[in-house]
Amino acid sequence: MPSSIHLSGVSDGLFYALRDRLIRAGASIAEEPNEAEYTVSIGIDQKTDLAVLPPGDAPIDSSLAVIVSDVIVPNGKREWDNGKILDWIEMVKRGEPLKQNEEPRFWVNSRDVVDALSVICLSDKAATLNGQIRMCGRRAWVSDDVFDEIRVLWERYVNAVNHSHTAESLSGTPSPVRGIEDEKPDSPDLAPLHKTLIEISGEGWHPLVPLRTSLMEMIASSERLA
3 MPSSIHLSGV SDGLFYALRD RLIRAGASIA EEPNEAEYTV SIGIDQKTDL
53 AVLPPGDAPI DSSLAVIVSD VIVPNGKREW DNGKILDWIE MVKRGEPLKQ
103 NEEPRFWVNS RDVVDALSVI CLSDKAATLN GQIRMCGRRA WVSDDVFDEI
153 RVLWERYVNA VNHSHTAESL SGTPSPVRGI EDEKPDSPDL APLHKTLIEI
203 SGEGWHPLVP LRTSLMEMIA SSERLA
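Residue numbers (my numbering): 3 to 228.
As structure tokens, then:
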């Protein structure tokens, strides 16, 4: 099992989330690639053992590439897919309606992403892994549902901060974001990711962080950035 990891690339929220997760798992972070047993690049493709990249069409030089889409990084800014959620939050704060219902997205929290990435990095089989693997959430979400959940969560956040809850506002909890029950869109092929995680850890790809939690964290993050 690799015990020293070198991280390079874009020093964004996902970078530091993975770094912290690896340290908690007992890995040491090497300053130079030649001092590490395993090398990882984040956000850009480099000749590393593992590259964590957004979707794209360019050839990939790394031995293994994990292509991550629809990832929410609660403590990040507008990197990865945060920009879309932050835009919707700002629209809700201004009282604007959703102007356009977009294609369904497969949202996933960065904690689930870095948990899976750390399993890959620290696996006894890490050096033998190659090719490309897609990573995103398992459930599809329509933008109308996500936007409506942001609106409800924002109203509750404002009431809590201003101590302005009423009996009516406290009489029920927000309905959870519903996901898509009918006419499911074509989902990304997550079978390679699931199979790889089973082979190296015995557990497949099962994201655990609810989307509602991610949205609440993004609302809190947007207030810190304001």
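Think of the CB as a built atom: it goes at the ideal place given N, C-alpha and C, for glycine as much as any other residue.
(request) Can you give me the Cβ contacts of residue 127 inside the same chain, cut-off strictly under 8 Å, excluding the 5 residues immediately before and after it? (result) 201 and 202
(request) Ignore the nearest five residues each way along the sequence and tell me which others in residue 1's own chain have a CB closer than 6 Å to its CB. (result) Summary: the structure shown does not reach residue 1, with the chain confined to residues 3 through 228, and so no result is reported for it.
(message) For residue 219 and residue 105, what's the separation of their Cα atoms in angstroms?
(response) 23 Å
(message) With a threshold of 7 Å on Cβ separation, who are the neighbours of residue 145 within its own chain once the five nearest residues in sequence on each side are excluded?
(response) 100, 103 and 104
(request) Could you tell me the boundaries of the alpha helix (DSSP H) in which residue 91 lies? (result) 84-95
(request) For my contact list, residue 109 and residue 199 are in at a C-beta cut-off of 8 Å; report their separation, rounded to the angstrom. (result) Going by Cβ atoms, the distance from residue 109 to residue 199 rounds to 19 Å, so no, they are not a contact pair.
(request) Take residue 162 and list the residues in its own chain whose beta-carbon comes closer than 8 Å to its own, dropping the five residues that flank it on each side. (result) none
(request) Compare the Cα-Cα distances from residue 125 to each of 204, 17, 43 and 211 and report the closest residue. (result) 204
(request) Put residue 152 into one of helix, strand or coil per three-state DSSP. (result) helix
(message) On the CB-based measure, 16 or more other CB atoms within 10 Å of its CB, does residue 208 come out buried or exposed?
(response) exposed
(message) So for residue 29, helix, strand or coil by DSSP?
(response) coil
(message) Please report the straight-line C-alpha distance between residue 184 and residue 36, rounded to a whole angstrom.
(response) The predicted model places residue 184 with a pLDDT of 48, which falls under 50 and marks its position as unreliable, so this point remains unresolved.
(request) Out of 18, 26, 12 and 13, point me to the one whose CA is closest to residue 5's CA. (result) 26
(request) Using the Cα positions of residue 189 and residue 71, report the straight-line distance between them to the nearest angstrom. (result) 12 Å
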